[in-house]
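Reminder that position 514 of the sequence shown reads as 531 in this note's numbering, one-by-one numbering, no gaps. The beta carbon of each residue, even a glycine, is placed where N, CA and C say it ideally should be. These figures come from a predicted structure and were not determined experimentally.
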Amino acid sequence: MLRLYVCELRRTNRQRTAETEVFVPELRALAFISGEDWERGRSFMRGGRFHPRGRIRLFVGGVRLPVHRLICILQALFRHFGLAVLHLFFHGCFLIRLPDLTSSTGRREEQEEEEWVAGMWGSGLLLFLVGLWHESHAQTFEPMFQVVTPTMLPPDSLHNPTQLNYGMAVTDVDGDGDLEVVVAGFNGPNLVLKYDRTQNRLVNIAIDDRNSPYYALRDRTGNAIGVTACDVDGDGREEIYFLNTNNAYSGRATYSDKLFKFRNGRFEDLLGDELNVRRGVANRMAGRSVACVDRKGTGRYSIYVANYASGDVGPHALLEMDEAASDVPKGVVALSDAAAAAGVDKFTGGRGVVVGPILSESRSDVFCDNENGPNFLFKNNGDGTFVDVAKQSGAYEDGCSQESTCSSSGGTTNAFYVEGVEDRYQHGRGVALADFNGDGKTDIVYGNWNGPHRLFLQGGDAKFRDIATEGFATPSPIRTVIAADFDNDQQLEVFFNNIAYRGNAPNRLFRVSRRAAADPLIEELQVGDAAEPQGRGTGGAVTDLDGDGQLELLLAHGESAQQPISVFKVTQVTAFTGQSGAHTRIIDGGSGYLCEMEPVAHFGLVWSRVYCQEWPLCRSVRKIT
């Protein structure tokens with residue numbers, strides 16, 4: 018049985034629990050779902066809006082329980098009763114946390130219920146309390162991925178052309194509630210891949226037809242490299258941003274980036290509007306990754322652009338809506354570059370960007386791994402401005418935060434500083450956020466181009482410690498880095514996507530398993546068909562395309578050789594629940610490298626029974642009969 022409550026959350030400054038303090042925006046809704054019977058629901062959508070940058074997916078005991086789809090079923094009941102439509106969508110970069118899903122023994126508990134909590138922090142918050150019974154099973158180390166490209170996305174000139182591709186982003190392009198994969202095409206058109214349930218395959222809906230609402234997204238002349246999607250104007254539908262290099266490596270480019278909004282029945286470039294042309298806000302710099310950040314917690318996103326500077330030309334940009342000069346109901350969206358005001362207008366060789374609640378559970382921070390210079394860790398000050406704390410993220414070997422403190426307190430006089438995430442002598446690429454050890458803090462994993470890859474655990478006082486093993490850190494021509502629970506065993510895997518440019522460079526996969534009172538155990542897994550030793554990897558994304566509860570892996574190729582997109586399926590689900598600890602999933606506004614993962618918190622819980630408790634953190638919860 019699964020019972021889901023959607024409770025009324027009224028605007029308050031803060032709501033507290035014994036464990037955390039979070040901001041609750043104005044989200045007004047009330048509903049009730051039961052797996053055994055449906056009780057009549059009612060919604061109170063009076064001005065509140067659920068923005069589509071976050072969903073929850075549960076994979077339970079071999080049966081997928083997609084909560085957002087259950088809500089869609091509830092919508093039909095609402096319509097039947099003449100009531101408003103409710104969506105389980107959220108905005109803001111947030112995390113989902115499930116404390117301790119298992120007992121200390123890992124055995125099935127017949128009498129004692131264990132509670133788990135999934136909470137969303139950021140611009141939107143929703144909290145679950147559910148009890149569960151579970152059982153452990155043995156783990157196996159079969160090859161993880163099997164190629165399904167021939168059936169899911171066979172190469173052809175329309176749906177999967179053999180061309181140079183780069184970044185990928187997962188978003189709802191056509192507004193039907195399902196997620197599509199947007200692909201940045203470099204020497205060909207951008208693609209929008211939609212799963213067709215009648216054909217059981219992906220199809221490109223951005224066809225070469227000027228009457229198509231998605232035609233403008235193709236933008237063949239753009240030489241796109243990075244892509245991201247988020248709600249820039251706060252109207253509830255995500256805009257799509259393409260970073261176009263136009264063959265420039267650094268500094269100025271001759272072709273501007275594009276920001277597409279669905280308007281007048283089709284996608285149109287906001288940066289091409291006369292208003293924004295006069296403002297001169299279009300980014301004409303050679304950049305790499307792009308990401309979305311809700312820097313003020315309003316549900317309206319800024320586009321963070323990691324430009325690749327040439328001297329003092331090409332700082333990082335932060336494009337956002339100028340509310341005072343905009344009229345969203347009329348489709349007027351005035352844009353401005355807020356990078357200087359926000360404190361992120363840095364000159365560097367920008368590469369990877371990831372956004373999420375890194376240092377705070379209630380605000381979005383930004384991490385940038387750079388080339389030929391130190392990385393940035395921008396902490397959100399709470400007012401929409403940022404301060405770079407990367408230099409302070411390391412620690413002295415005896416635990417002191419400053420050498421003077423070590424000496425004055427009688428500590429060792431030869432303490433030396435261990436660098437944190439600044440990593441100033443390496444060349445960053447792909448990056449992802451996750452909680453690898455279950456302590457509730459956000460950790461950072463990233464790859465360095467032909468340098469040691471890093472897995473930084475966050476400790477106290479925003480200090481980070483690299484726990485990468487020798488095998489994990491082995492240098493490679495790295496591009497995208499993805500952290501996900503591919504086999505639904507509750508343990509996170511890290512996928513390294515490489516580009517074969519001087520001989521073979523197979524992709525690699527590692528499981529990072531939580532351990533009590535110890536650092537996580539890092540084990541290399543058999544990656545299977547996704548090894549692609551001759552693949553010219555340039556980007557990748559994960560999402561559940563066909564709705565079976567298992568993640569698919571999509572890989573783009575390009576740069577040095579034209580190759581079609583590859584699609585992989587996990588070969589089997591590993592039912593293993595013998596590890597304790599909190600379970601956290603972070604929905605970020607951009608990650609990997611040049612990419613943005615799906616806005617879904619995917620939990621492979623593999624329990625045998627779900628039992629409802631109640632909603633906390635609500636002003637009121639009522640069942641309606």
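Touch check for the stretch 320 to 328 and the stretch 357 to 367: three-plus C-beta pairs under 8 Å?
yes
Would V499 pass as a contact of G557 if the rule is Cβ separation under 8 Å?
Residue identity differs from the one stated: residue 499 is Ile in this sequence, not Val. Yes; because the gap between Cβ atoms is below 8 Å, this pair is in contact.
Contacting residues, own chain, Cβ-Cβ under 7 Å from A241 (five flanking each side not counted)
Y183, A201, G202, F203, N207, F259, L260, N261
Own chain residues within Cβ distance below 7 Å of L538, not counting five before or after
S530, R532
State the beta-bridge partners of D286 as determined by DSSP.
F277
Which residues share a DSSP beta bridge with V322?
V307, A334
N-terminal and C-terminal residue of the alpha helix (DSSP H) that A490 is part of:
487 to 490
What first and last residue would you give for the beta strand (DSSP E) that runs through R368?
366 to 373
Span of the beta strand (DSSP E) around N387:
382 to 388
Which whole runs of the beta strand (DSSP E) in the stretch 231 to 268 are 3 residues long or more, in chain order?
241 to 247, 256 to 261
Residue interval of the alpha helix (DSSP H) (run including P167):
166 to 169
Would D440 pass as a contact of P391 if the rule is Cβ separation under 8 Å?
yes
In the DSSP assignment, find the beta strand (DSSP E) that holds A573 and state where it starts and stops.
569 to 574
Ordered along the chain, which non-local residues of its own chain (more than five positions away) have a Cβ less than 6 Å from that of A342?
A351
Beta carbon of N515, beta carbon of P494: below 8 Å?
yes
Along the chain, where does the beta strand (DSSP E) that runs through V438 open and close?
Where V438 is concerned, there is no enclosing beta strand (DSSP E), given that its DSSP letter is neither H nor E.
Count the CB pairs spanning the stretch 275 to 286 and the stretch 224 to 236 that are closer than 8 Å, and state whether there are at least three.
yes
Extract the residue ranges of the beta strand (DSSP E) inside the stretch 172 to 233, only unbroken runs of 3 or more that lie entirely within it.
182 to 188, 197 to 202, 208 to 213, 218 to 221
Check whether the stretch 471 to 479 touches the stretch 442 to 462, taking contact to mean three or more Cβ pairs, one atom from each stretch, closer than 8 Å.
yes
When DSSP builds the beta bridges, which residues end up paired with A558?
L571
Own chain, CB closer than 6 Å to F527, minus 5 neighbours either side, in chain order
F489, V511, I539, E541
CB A359 to CB R305, shorter than 8 Å?
no
Contact check, G552 vs A501 under 8 Å by CB: the rounded distance?
Contact flag wrong, Cβ pair sits at about 19 Å.
Please state whether the Cβ-Cβ distance between R218 and L175 is less than 8 Å.
no
Using the Cα positions of I224 and V209, report the straight-line distance between them to the nearest angstrom.
9 Å
Whole angstroms are fine: how far does the CA of D382 sit from the CA of V448?
14 Å
Tell whether a beta-carbon distance below 8 Å holds between I257 and V307.
no
May I have the straight-line CA-CA distance separating A334 from Q409, to the nearest angstrom?
24 Å
Pull up the CB-CB distance for T188 and E255, whole angstroms please, since I reckon it's below 8 Å.
5 Å
Quick check on this structure: which residue in C385, D354, F393, G477 has the alpha carbon closest to the alpha carbon of A412?
G477
Buried or exposed (CB count within 10 angstroms, at least 16 for buried), S273:
buried
Just checking my contact of M185 with V244 at CB under 8 Å: how many whole Å lie between their CB atoms?
7 Å
Please classify Q580: does DSSP put it in a helix, a strand, or coil?
strand
Buried or exposed (CB count within 10 angstroms, at least 16 for buried), G205:
buried
Measuring only the C-alpha atoms, how far is F453 from L509?
7 Å
Burial state of E337, where buried means 16 or more other Cβ atoms lie within 10 Å
buried
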